[in-house]
Amino acid sequence: MKTNQNLKKPFGTAQMVDIAHVRYLAWEDAFDVEFEDGLSFLEPHATIRKANRISGRAIPVEVMLDTETHGGFEVRYDTGEVAEVSWAFIRELPPKRNGRKD
662 MKTNQNLKKP
672 FGTAQMVDIA
682 HVRYLAWEDA
692 FDVEFEDGLS
702 FLEPHATIRK
712 ANRISGRAIP
722 VEVMLDTETH
732 GGFEVRYDTG
742 EVAEVSWAFI
752 RELPPKRNGR
762 KD
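Numbered according to the numbering used here, the sequence shown spans residues 662 to 763.
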């Protein structure tokens, strides 16, 4: 299963929707993120790892939904590292780089 990029909105245009459920699927090496409006995304672990600068040897041990706002989740790793993921990271496309190449 692949993430359908056509469902993601351009950067800065998505409306806030609460995250209903999130879980790590080890066999896919991805996070299954389900929203209150019924949309579900399979976000590759590599994307979250890269965005949060998590080391390649770190293994997820806990996924915690923000129970107060339902606006994001944290991934805790066996190395003590923590990745913070917002609802917008899952629902929106990354911003355009204005022609710059890094």
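We put the beta carbon where it would ideally sit given N, CA and C, even for glycine. In this text the structure is predicted, and so the values were computed from the model without any measurement.
(request) Inspect the beta-carbon positions of Ala681 and Glu704 and report whether they are closer than 8 Å. (result) no
(request) Kindly indicate which residue of Leu700, Ser747, Gln676 has the alpha-carbon position closest to the one of Leu726. (result) Ser747
(message) What would DSSP say about His706, mapped onto helix, strand or coil?
(response) helix
(message) I need the boundaries of the alpha helix (DSSP H) containing Ile751, first residue and last residue.
(response) 748-752
(request) Kindly list the residues whose CB is nearer than 7 Å to the CB of Val722, restricted to its own chain and excluding five residues on each side of it in sequence; keep chain order. (result) Arg737, Tyr738, Asp739
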